[in-house]
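Each remark here refers to the structure printed beneath this line.
Numbering (my numbering), first residue to last: 682 to 819.
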């Protein structure tokens, strides 16, 4: 059974909530992360930090969605290469691309937790609904 854990976006604490969760993670985990809004001039750097941190925590997979999440993806790939990690890292520019892949039902394994996080403007609630509507037991 695939489990979904959704963490809501809290203004001003986006990375803190994610970091706190990952710090204590010891389960099979795939992250679906999207653009974080209202980060100011350092938005690219902050997205990169999240990608690197996630891969350092030895997750099973990272899916990055959105134009700013490209920086997350690039940083994650660098860490993956250094650590010779077996985790998968994917990048989709739009939510629609992600939804199409979810519909194919090839992303998730049984007994895996999927953590979904992005700014509300990314409309990731659609991804949660898409996962719920697949043949996966949720």
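Glycine is no exception: its CB is placed at the ideal position from the N, C-alpha and C atoms.
With H, G and I counted as helix, E and B as strand and the rest as coil, what does DSSP make of residue 732? helix
Residue 747 versus residue 774 - alpha carbon distance: 5 Å
Where do the N-terminal and C-terminal ends of the beta strand (DSSP E) with residue 723 fall, by residue? Element bounds for residue 723: n/a, residue is neither H nor E.
Buried or exposed: which applies to residue 761, given that a residue is buried once 16 or more other Cβ atoms fall within 10 Å of its Cβ? buried
Host beta strand (DSSP E) of residue 759 (start-end): Segment 750-764 is the alpha helix (DSSP H) holding residue 759; no beta strand (DSSP E) there.
In the structure shown, what three-state DSSP assignment does residue 704 receive? Residue 704 carries a helical assignment under DSSP once its states are collapsed to helix, strand and coil.
Check for me: the beta strand (DSSP E) holding residue 783 runs from which residue to which? Element bounds for residue 783: not the beta strand (DSSP E) but the alpha helix (DSSP H), 776-785.
Tell me whether the beta-carbon of residue 766 lies closer than 9 Å to the beta-carbon of residue 729. no
If you reduce the DSSP assignment to three classes, tell me which class residue 740 lands in. Annotated three-state conformation of residue 740 is coil, per DSSP.
Beta-carbon gap between residue 741 and residue 800 smaller than 9 Å: no
Out of 704, 700, 699, 713, which has the shortest C-alpha to C-alpha gap to residue 776? 713
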